[in-house]
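Have a look at the structure below, then the notes.
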Amino acid sequence: MSQLAILGGPKAISSPSPNLFRWSEVTSDHEDAVLDVLRRGAMSGTDVTRQFEREYAAWQGQTYAVGFNTGTAALHTAMWAVGVRAGDEVLCQSITYWASILPVYSLGATPVFIDIEHHSLCIDPDLLETRIGPRTRAIVVTHNMGYPTDMDRVMAVARRHGLKVIEDVSHAHGGFFRGRRLGTIGDVAAFSCMSGKSFPIGEGGMLTTDDAQVHDRAIAFAHYERFDETIEEPDLAPYRGLPMGGTKYRMHQMSSAVGRVQLRTYDQRMDGIQRAMNEFWDLLEGVPGMHAHRVSPTSGSTMGGWYNPKGLFVPEELGGLSVTRFCQAVKAEGIDCRPGLVYKPLHLHPLFHTADIYGHGKPTRLAFASRDVRERRGDLPVAETIGKHVYGIPWFRSYDREAIARYADGFRKVVANHGELLAGDTGDAASLADWQNEPLI
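Numbered by my numbering, the letters in the sequence shown go through residues 271 to 711 in order.
Here is the structure:
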């Protein structure tokens with residue numbers, strides 16, 4: 271192959287293919303749906319949202335769906351709806367978006383972090399029982415970067431200990447685990463639908479469940495205008511008319527309108543993304559240093575929306591080359607490629623160690639806790655070192671075999687000439703992530 275671009279050679283991608291990465295397309299159907307809401311003066315109503323909820327529940331194959339203004343709001347509500355209360359503990363992986371766990375603080379509960387699996391970047395089910403205590407109430411699992419968590423192993427632990435399971439499906443809309451749609455396996459699921467996700471509606475979130483009690487609690491917590499005589503649970507009914515969570519989490523009707531349109535073509539569009547992303551990895555099968563972050567095509571599982579897709583980097587196969595230097599070379603070839611994950615480990619952030627958010631006179635994580643569960647550096651080794659073994663890959667939104675092959679060739683070119691990069695390799699930073707760059711303990 272030709273000389274590396276970073277050393278003066280020609281770029282592998284001299285003219286990018288914008289259509290490969292455009293998401294989501296805005297059609298006249300989207301425009302008409304939004305204009306209808308505007309013209310009817312229905313922006314603050316619930317009629318379109320309730321239609322969207324019914325259609326989303328049917329698409330998921332579940333009994334209930336409740337719309338929210340964000341995925342964070344849906345997660346917060348899901349936690350309360352499954353019974354998380356003051357003094358309880360909630361298990362969660364350390365590598366995830368903060369909304370997967372931080373809302374427990376407002377419920378008086380305590381986060382307990384679990385390490386991740388190297389191959390999946392999801393919670394390691396084998397470690398759950400090492401962290402379960404007498405006040406453990408629930409487990410939150412994130413299908414990280416679209417990869418399905420091993421839900422069979424998670425659910426086995428949860429049922430053995432009487433714990434509730436919350437699925438954070440924000441990265442994996444429409445994905446499957448061994449033939450079952452993600453979000454249908456735990457007790458409740460939450461989805462983010464912000465504009466960067468694979469199911470974008472602008473801003474919004476969704477909660478789904480088959481449990482009538484969880485549904486009613488979600489309404490009682492955050493949807494005061496729907497907290498009426500249809501909610502009959504004795505612990506809820508006396509408080510009808512006001513939101514028990516002191517929140518107003520209603521989805522905006524224009525987002526609901528966009529969501530209804532997205533549902534019509536989402537599965538078809540996902541088929542294109544699945545085909546494109548798997549084509550990319552098939553072309554790179556066996557290339558040293560580059561291992562695919564994807565499920566086996568014969569497993570009955572799929573990667574959902576492939577949100578923020580990654581590759582697994584093996585420096586030992588490239589003479590010890592750092593992932594930072596590797597990504598610099600790939601980027602010089604005209605391909606966006608960043609080292610590390612989006613997130614740094616949450617368990618090392620000071621917010622989970624020293625912050626007294628509500629004025630209890632002690633760290634919020636200890637305010638109602640029956641034990642000190644704060645992790646220290648070195649406690650979750652995979653989460654703390656995974657950044658040096660992960661890099662970003664193109665997120666193809668449509669299938670074009672020739673164009674995808676050119677991008678794959680760019681990666682091949684860097685690997686084939688990796689020896690030329692070793693002399694200028696200054697190594698990796700102590701921690702690699704796109705954001706959450708606040709000081710770590």
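From the three backbone atoms N, C-alpha and C, an ideal C-beta is built for every residue, glycine too.
Everything numeric in this text was worked out from a predicted model, so none of it was measured.
Give the straight-line distance between the Cα atoms of residue i and residue j, rounded to the nearest whole angstrom.
| i | j | result |
| --- | --- | --- |
| Val-612 | Gly-341 | 17 Å |
| Tyr-494 | Ala-344 | 15 Å |
| Ser-468 | Gly-631 | 42 Å |
| Asn-707 | Lys-614 | No answer about Asn-707 holds up, because its pLDDT of 48 lies below 50 and its placement is not dependable. |
| Arg-407 | Glu-387 | 23 Å |
| Val-652 | Glu-301 | 45 Å |
Assuming contact is defined by CB atoms lying nearer than 7 Å, are residue i and residue j in contact in what I supplied?
| i | j | result |
| --- | --- | --- |
| Gly-416 | Gly-574 | yes |
| Thr-319 | Ala-488 | no |
| Ala-282 | Asp-649 | no |
| Leu-691 | Ala-599 | yes |
| Ser-364 | Leu-591 | no |
| Met-476 | Ala-335 | yes |
| Gly-581 | Ile-663 | yes |
| Leu-452 | Glu-325 | no |
| Ala-527 | Ala-328 | no |
| Ile-455 | Ser-525 | no |
| Met-425 | Gly-474 | no |
| Ala-490 | Ile-501 | yes |
With DSSP run on the structure shown, which of helix, strand or coil describes residue i?
| i | result |
| --- | --- |
| Met-415 | helix |
| Ile-489 | helix |
| Pro-609 | strand |
| Asn-707 | Any reading at Asn-707 needs caution, since the residue's pLDDT is 48, under 50, leaving its predicted position unreliable; the model's value is listed next. The answer is coil: DSSP assigns Asn-707 none of H, G, I, E or B. |
| Gly-689 | helix |
| Ala-408 | strand |
| Lys-683 | helix |
| Asp-552 | helix |
| Ile-656 | helix |
Could you check if residue i is buried or exposed, using at least 16 other CB atoms within 10 Å of its CB as the buried criterion?
| i | result |
| --- | --- |
| Asn-548 | buried |
| Phe-622 | buried |
| Met-313 | exposed |
| Ala-351 | buried |
| Asn-414 | buried |
| Pro-280 | exposed |
| Asp-358 | buried |
| Tyr-677 | buried |
| Phe-550 | buried |
| Gly-629 | exposed |
| Lys-683 | buried |
| Phe-681 | buried |
| Glu-399 | exposed |
Could you pull the DSSP bridge partners for residue i from this structure?
| i | result |
| --- | --- |
| Met-476 | Gly-337, Phe-461 |
| Gln-538 | Paired residues: none, contrary to the question. |
| Pro-381 | Val-360 |
| Phe-446 | Arg-451 |
| Phe-583 | Met-560 |
| Asp-438 | Thr-412, Ala-460 |
| Gly-662 | Lys-580 |
| Arg-386 | First, the residue type needs correcting, since residue 386 is Ile and not Arg in the sequence shown. Partner(s): Ile-393. |
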